[in-house]
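Here the structure is laid out as structure tokens; the discussion comes afterwards.
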Amino acid sequence: MTAPSTLRTLGGTSRRRRPASTTRERRERRTALWFISPWIVGFLVFTAWPIIYSLYLSFTDYDVINDPQMVGLENYQRLLDDPKIALSLRNTLVYTALQVPAYVLVALALALLLNEAGRSAGFFRTAFFLPKMTPPVAAGVLLLLLFNGQYGIVNEVLGWFGIDGPAWTTDPAWIKPGLVLLSLWSVGSSVIILLAALRDVPTELYDAARVDGAGYWRRTVSVTIPMISGALFFVVVINTIGAFQIFTEAYTAYFGAGSSSYSNDAALFYVIYLFQQGFEFLEMGYASAMAWLLFLIIMAVTAVQLVVSKRLVHYQGER
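Take the sequence shown: its letter number 310 is residue 310 in full-length UniProt numbering, and every next letter is one higher.
Written out as structure tokens, the structure is:
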């Protein structure tokens, strides 16, 4: 057998085996690593190392001033005995249960409207997204102005319809609903995500549904929702994680300078209590243990969502 014949393939053409990695490919790989090296260094220094160090601190007694002293599982045992842990977790869970469905439903409704807007959709996309740029501290101050029980704009508008608005910022029963309504101010980012998913739904499916006599709502339930379920699932997961970490707006409104103290327990969310322990009381070891408990809770909730999504979420590449 001659040498050329050994290079022939089944199709009758001959080719040589490429080296595993050419000099040019290695050079390009090194160049790419140099370009992303600032991000890699930033991730290792400002994200990975603080995460690892906080795990170490969660087993210590550390007040920032003195060196950490190892205390074993004492901080985690303290989590079980601290009544404010249960209170803050309950407040956070109630807020999450209220906020996520409301946020997703409003985002979906606005995305459906924008999908029918035609040429004006560009203007409304910008209008809906701009509030997302509002600083969270400003949103917290805005909460006190809009939802004030005596002279707030929300209650004034409700009064036009003969509705006596509640004391949103002082009544413990209405503090979390008020924060949920305020969170809808920044719904624009999720609207953009869902709108992009709506634009990607094949029109052939709508045409087939119309032939079968399906109306708008039937097409929405049977075609639109299943086809954008992947984007909906993403929005649900991201906003669930965000709801568990609510901090700035609630802290600004109810724990900042000049805030009232009698309603603070209803607004004591988990991250606020974590912040108080770490940066007000300098209990950094205990705050680190709290942070890891929150991490485990979010991981567990996300895992449940992933399991449920296997039955409810449809991706276009699947059959």
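Note that the Cβ used here is the ideal one computed from N, Cα and C, for glycine as well.
Everything numeric in this text was worked out from a predicted model, so none of it was measured.
Gly122 is classed as exposed because its beta carbon has fewer than 16 other beta carbons within 10 Å across all chains shown. Three or more beta-carbon pairs drawn from the segment 186-200 and the segment 231-248 are found closer than 8 angstroms, and the two stretches are therefore classed as touching. Sequence-distant partners of Thr248 (beyond 5 residues in either direction) whose C-beta falls short of 7 angstroms from its own C-beta, in its chain, are Pro136, Val137, Gly140.
Comparing alpha-carbon positions, the option among Val180, Ala300, Ile153, Ala266 lying closest to Arg90 turns out to be Ala266. A check of alpha carbon separations from Thr240 across Val100, Ser37, Gly215, Gln276 identifies Val100 as the nearest. C-alpha of Leu274 to C-alpha of Leu79: approximately 11 angstroms in a straight line. Of all C-beta pairs linking the segment 60-72 to the segment 281-295, three or more are shorter than 8 angstroms, placing the two stretches in contact. Between Ala250 and Leu146, the CB-CB gap reaches or exceeds 9 angstroms. With respect to Ser54, Ala291 sits close: the two C-beta atoms are nearer than 9 angstroms.
Three or more pairs of CB atoms, one per stretch, sit closer than 8 angstroms, so the segment 196-211 contacts the segment 110-120. Just so you know, the alpha carbons of Arg219 and Ile36 end up roughly 45 angstroms apart. The beta carbon of Leu184 sits closer than 6 angstroms to the beta carbons of Val106 from its chain, once the five residues preceding and following it are set aside; these are given in chain order. Distance from Phe244 to Thr47 at the Cβ level is roughly 19 angstroms; contact not present, criterion being Cβ atoms closer than 8 angstroms. In terms of Cα proximity to Ile65, the closest of Lys310, Phe279, Glu156 is Phe279. Put simply, the backbone Cα of Phe255 is about 10 angstroms away from that of Gln276. Ala173 and Trp217 have their alpha carbons spaced roughly 35 angstroms apart. Short of 6 angstroms from the beta carbon of Ala102, and not among the five residues preceding or following it, lie these beta carbons of its own chain, in chain order: Val180.
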